[in-house]
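Each remark here refers to the structure printed beneath this line.
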Amino acid sequence: MSFQPRIGVRGKLQLESSGGGKGGLDGRVKPDNDKKCIEYMAKKVKLPLTEKTLAELRSGDNVLLSGILYVARDAAHKRMAESLERCKSLPFDIKGQTLYYMGPSPAPPGRPIGSAGPTTSTRLDTYTPRLLAAGLRGMIGKGVRSAEVKEAIKKHKAVYLAAVGGAGALISRSIIKSEVIAYADLGPEAILRIEVKDFPATVINDIYGGDLYIEGKAKYRK
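Just so you know, we're using the working numbering here: the sequence shown kicks off at 105 and counts up by one.
The structure is reproduced here in structure tokens:
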């Protein structure tokens, strides 16, 4: 038996069983083999992020993002940081925007993008404080951030979110448009502008200094 996700009412992610189980409107999976039910409550969030939205998000919140994301990895981050150091403008207005750390696979026929899973965020830690100072307000990746980055996130009132690693094909279903906007010579590491609808992620670090990775460990040590 397998499960297929879909977005239900009130921002809940429902999982429907292909083996006869039913996903109810309350977002609970009801498989025929009576396995433990799963519920995923999520907040609907529009992009770009506003000060009000940032103030409402807390570490541990599950969110469904809709709007515009920018995709950039190592090489693109390096170029952007170098441009800022030389007092040159970036290829897009980064103020208030969210970066997704991702390198997509080629798009299959009829789709805007291929598999689109997150890359490890620590690879971008060197460049992140400078981009936050320039106005970046959201980041999506996987894994922990450095102490310096977490301090910069709090200082500049930004958020870091995690997407599910290993679920690139599933995540790509939430991407409805994709285009290269800068650094095309970098190939798969070019900067992309993507439009997403109900992109699933979890808030790890919030503007108040919350850190889900630390809080989660502490919870289960009790």
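Here a beta-carbon is modelled for each residue, glycine too, at the ideal position from N, C-alpha and C.
This structure is a prediction, so every number in the text was calculated from the model and none was measured.
- Given Thr230 as reference, the closest of Lys199, Ala288, Ile280, Lys254 once Cα atoms are compared: Residue numbering aside, residue 230 sits at position 126 when the sequence shown is read from its first letter. When each option's Cα is compared against that of Thr230, the closest is Lys254.
- Query: Could you check where the alpha helix (DSSP H) with Lys261 kicks off and where it finishes?
  - Reply: By one-based count along the sequence shown, residue 261 stands at place 157. No alpha helix (DSSP H) contains Lys261, which DSSP labels as neither H nor E.
- Task: Mark Thr202 as exposed unless 16 or more other C-beta atoms lie within 10 angstroms of its C-beta, in which case mark it buried.
- Result: Position 98 of the sequence shown, counted from the start, is the residue given in the question as residue 202. Thr202 should be labelled buried.
- Between the Cα of Ile311 and those of Ser278, Ile285, Lys258, spot the shortest distance and give me the residue it belongs to. As a working mapping, residue 311 is identified with position 207 in the sequence shown. For the residues Ser278, Ile285, Lys258, the minimum Cα distance to Ile311 belongs to Lys258.
- Which of the three DSSP states, helix, strand or coil, is assigned to Asp289? As a position in the sequence shown, residue 289 is number 185, starting the count at 1. Three-state DSSP puts Asp289 in a helix.
- Only counting runs of 4 or more residues, tell me where the alpha helix (DSSP H) segments fall wholly within the region 168–253, in order along the chain. 178–189, 232–237
- Query: Secondary structure at Ile275, three-state DSSP: helix, strand or coil?
  - Reply: Here residue 275 refers to the residue found at position 171 when the sequence shown is read from its first residue. Helix at Ile275.
- Counting along the chain, where does the alpha helix (DSSP H) carrying Ala159 start and finish? As a working mapping, residue 159 is identified with position 55 in the sequence shown. Counting along the chain, the alpha helix (DSSP H) containing Ala159 begins and ends at 155–160.
- Cα-Cα, which of Pro304, Glu283, Leu153 is closest to Ala294? Numbered from its first residue, the sequence shown carries residue 294 at position 190. Closest by alpha carbon: Glu283.
- Compute the Euclidean distance between the alpha carbons of Leu265 and Asp289, then round it to the nearest angstrom. Here residue 265 is taken as the residue at index 161 of the sequence shown, counted from 1. Here residue 289 is taken as the residue at index 185 of the sequence shown, counted from 1. Approximately 28 Å between the Cα atoms of the pair.
- Item | The alpha helix (DSSP H) enclosing Leu316, as first and last residue numbers | Reading the sequence shown from its first residue, position 212 is the one you call residue 316. Leu316 -> alpha helix (DSSP H) spans 316–325.
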